[in-house]
Each structure stands twice: as C-alpha cells, then as structure tokens.
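Asks: Structure in structure tokens, see below.
In the working numbering, the protein residues as written are 44 to 449.
If you want it as structure tokens, here you go:
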C-alpha cells in the first residue's frame, strides 16, 4: 500500500507539472488518490483531494461537473460520521442546480436521490420525503420521463413512507417502481432487494399470498445475485412461510433448508438466528409427522445450546421439550424422558407445564395409566394457573384425562 501511495502521489505531481493544475488529468489523479485514502480510512487526506477536485471543476464552470464532485465530498463526510457537514454539502450541490435547465436535471435528480437516502440512513424519513418528492416532480416535468431515476426515487420514498407507517402509500409507489428496478436488465441494488422483501411481506400480512409469492420470488432472485447471506436467509424464510399459506409445503421446506444453509455461512450453530431458522423447519416437519427428521434437527439444536456463549434457558427448555415430544412419538422413551427431565431442571412454571404434559403423553403411550394421570393433572394445574385454562394443550390434557379415567 505504501508503494501504491507513492505512485499515486507521483502521478498527481506529474499531471500537475506537465498538464496544468486545473487539467482533467489532475482531476482524475485526485479521484484515484481519494479512493486510495478511502481504502486506508484516512479522512483528512481523502477530503483534501476531493475538495481540490471541486475547485478544479469550479474553475471550469460546469455546474453538473461541480455537483458531481460535491456529491463525493458529501459522501466522504457521511462515511466518517460527519452528518452536519455532509448535509451542508448536499444542500450546496442542490442549490447550484436550476430545475428548468435540462442540462442540470439529471445531476439534480441524482443528488436529491443521494441526499434523501442520506436522510433515511440517519433516521430522518420525514425530512427525506420532500426531497424525494421534489425529485419525482422533476422527473414528471422532464421532456421524456426518466423511468430508472423515477423508479429509484419512488422506491426510496417508499422506504421513508414505511418508516412513517404510511404503508398504503409505500405499496402504491412500489407497485409501479419495482417492475422497472427488478427487471433482469437492471443491476441489483440494496434498495431494490429491501423493497421487494417489504412489498412481499406487506402482501403476506394482508393475506394476499399469491401476490406475495411473486414478489418473494423476485426478492430471492435478487438476493441470489448479490446480498449478504443473513438477508438472503431471512428472505427465504419469509417466502417459505408464505408458501405454507398457499399449501406449497414441498417448496416451503426446500426454501427453509436453503435459509439454514445461508445463515450458517455467517452465524454459529448456537446463534439465535440459526436456532430460529431450524425451529421454523421443525415447525414444518412435526405437523407432517416426520418425527425422525425433526429429531435430527432438534438434536443439533440442543447440542448447540451447550456452547458456553449460549445463555437462553427458556430457549433450551423449548428445544428439549420439542425433542422429547418427537422421541415420544418415535417410542424412544428413555431418550424422551431424559430430555424432558433435563428441561425441567431450569424451567419456570409456564415452560414446566409443557414439559410435564409431554411426560404424561410418554407414560400414556407406554401404557402407564396411573403415572400418566398424575403428570397430566400436574400439567393441567400449571396451565390453569400460569398459562391459559383454555389453551389448546390444556384442552388436549382434559380430553386425555377423560380417556384415561374412563
């Protein structure tokens, strides 16, 4: 890196000496050097050469070129946590532009987009809204509507609306913007991926599962091109849940397993994200009575809770309870009892109710009627006192007791 520094500085000095201090070559050398300083996180040096680019372009008097250079200065301030300075530079850039000048319009739209995104990133969605709306008005007044710019502004405005709980307005914007931004001809971006996921999730909440299916599919495709593994995993998990609502259980399972593979790229087995996604898979397997497969997943989950960094006793108890439950159905009674009693060692009253109920179920399946009645009665009293007397498990226990006593 130090050899590279020397070469960049030498290139800048050579361009300045032989081509002039305000030449395009000096401008380019400053930009390359600024990128180098950014990689090394040297803010003072980076800002100095970026501001020099602004002065070079001011000397040439081309407003779009000056604004372009100011954008880089603002981004530099923002990346080093200097929001006040960044906002001042963005405002300076915007003020230089004339909305009625067609030559200024493209760079003004871009600056409004970047400034609004900056405000969103700093949790100022209410301030971002008029910035994006100004950009959209500028698009509407253009001779030929710039569909890409307009869609990007609309998607970012939708992000602001979501933050402000203006959900229906956000959805209306995305329904027009996302078909453009998610088209295969367009590069994938974080805002496109995020808004695809948000739109699909809102449709899912509204029980518009078929529409959610389409947009989850688009979000998964975009995430597969370029997305952090964690984001990709959560998109897959959400799509799997929507698939279940559509009765497409085979695809739901495939997506849930892929989600687990993705999350394991960036999370340890004992991390809450990993355990949560494995639990979602278990929630698919148990209703399908695929107890042997559920046992494999739950055994891995319980083993992960032995990690010294894991400290969620309630979570461990739930995993042990589920493992014991599937082992009861597999008639692996010694294993089931060991896991259920291990869970009871730390369980509070609420969790104990579920664990004791499964002990009752185990004894019932083993044909030990007296022991089953005893455990069911213990569990029922806990449900009535600490959970809910009308809980579906409490109803199950009452029915089991009637059968056993009958």
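For every residue, glycine included, the Cβ atom is placed at its ideal position computed from N, Cα and C.
CB residue 220 to CB residue 187, shorter than 9 Å?
Replies: Going by C-beta atoms, residue 220 is not nearer than 9 Å to residue 187.
Asks: For residue 329, I'd like the list of residues in its chain whose CB is within less than 6 Å of its CB, leaving aside the five on either flank, ordered along the chain.
Replies: Excluding sequence neighbours, residue 329 sits near 337.
Asks: Considering residue 257, what are the terminal residues of the alpha helix (DSSP H) in which it resides?
Replies: Residues 252-268.
Asks: If you pair each beta-carbon of the stretch 123-131 with each one of the stretch 143-155, do three or more pairs fall below 8 Å?
Replies: Because the criterion of three Cβ pairs below 8 Å is not met, the stretch 123-131 and the stretch 143-155 do not touch.
Asks: So what does DSSP say about residue 329, is it helix, strand or coil?
Replies: Residue state, collapsed to three classes: coil.
Asks: Quick check on residue 421 - is its C-beta less than 9 Å from some C-beta in chain B?
Replies: Included in the structure is just one protein chain, with no chain B present.
Asks: Between the C-alpha atoms of residue 405 and residue 350, what's the straight-line distance to the nearest angstrom?
Replies: If I take the Cα positions, the gap works out to 29 Å.
Asks: Taking residue 323 as the reference, which of 279, 181, 223 has the closest Cα?
Replies: Among 279, 181, 223, the Cα nearest to that of residue 323 is on 279.
Asks: Among residues of its own chain, excluding the 5 on either side of residue 70, which ones have a beta-carbon nearer than 6 Å to its beta-carbon?
Replies: Taken in chain order, the residues that qualify are 96, 99.
Asks: Given a cut-off of 9 Å on the beta-carbon distance, is the pair residue 216 and residue 200 in contact?
Replies: The answer is yes: Cβ separation under 9 Å.
Asks: Taking the alpha carbon of residue 449 as the reference point, which residue from 291, 416, 429, 310 has its own alpha carbon closest?
Replies: Checking every option, the nearest Cα to that of residue 449 belongs to 416.
Asks: Evaluate the contact criterion for the stretch 362-373 versus the stretch 382-394: three or more CB pairs, one atom per stretch, below 8 Å.
Replies: Short answer: they touch.
Asks: Ordered along the chain, which non-local residues of its own chain (more than five positions away) have a Cβ less than 8 Å from that of residue 272?
Replies: Cβ within range, chain order: 305, 306, 308, 309.
Asks: Would you say the stretch 148-162 touches the stretch 196-212, given that touching needs at least three Cβ pairs under 8 Å?
Replies: A contact exists between the stretch 148-162 and the stretch 196-212.
Asks: Could you check what DSSP says for residue 198 in three-state terms: helix, strand or coil?
Replies: Helix, per DSSP.
Asks: Tell me the DSSP secondary structure of residue 51 in three-state form.
Replies: Of the three classes helix, strand and coil, the one that applies to residue 51 here is helix, per DSSP.
Asks: Can you round the beta-carbon distance between residue 367 and residue 401 to whole angstroms, since I take them to be within the 8 Å contact cut?
Replies: With 8 Å as the limit, residue 367 and residue 401 qualify as a contact, their Cβ atoms being about 5 Å apart.
Asks: Give me the Cβ distance between residue 118 and residue 136, rounded to the nearest whole Å; I'm assuming they're in contact under 8 Å.
Replies: That belief does not hold up - the Cβ atoms of residue 118 and residue 136 are roughly 11 Å apart, past 8 Å.
Asks: Indicate whether residue 106 and residue 73 have their beta-carbon atoms separated by less than 9 Å.
Replies: It is not a contact, given that the beta carbons lie outside the stated cut-off.
Asks: Is the beta carbon of residue 52 closer than 9 Å to that of residue 110?
Replies: Not in contact: residue 110 and residue 52 (Cβ atoms no closer than 9 Å).
Asks: How long is the line joining the alpha carbons of residue 138 and residue 178, rounded to whole angstroms?
Replies: Rounded to the nearest angstrom, the two C-alpha atoms are 14 Å apart.
Asks: From residue 420 to residue 437, what distance separates their C-alpha atoms?
Replies: Computed Cα separation, rounded: 10 Å.
Asks: Could I get the ranges of all uninterrupted alpha helix (DSSP H) runs contained in the stretch 164-195, with 4 residues as the minimum, in chain order?
Replies: The stretch 164-195 contains these whole alpha helix (DSSP H) runs: 168-183.
Asks: On the three-state DSSP scale, how would you describe residue 311?
Replies: Residue 311 falls in the coil class under three-state DSSP.
Asks: In chain order, what residues of the same chain have a beta carbon less than 8 Å from the beta carbon of residue 163, not counting five sequence neighbours either side?
Replies: If we look at residue 163 and ignore the five residues flanking it on each side, its Cβ neighbours are 171, 199, 202, 203, 206.
Asks: Would you call the CB atoms of residue 270 and residue 231 closer than 9 Å?
Replies: Yes, these two residues count as a Cβ contact at 9 Å.
Asks: Determine the contact status of residue 92 and residue 55, defining contact as a CB-CB distance below 9 Å.
Replies: Yes.
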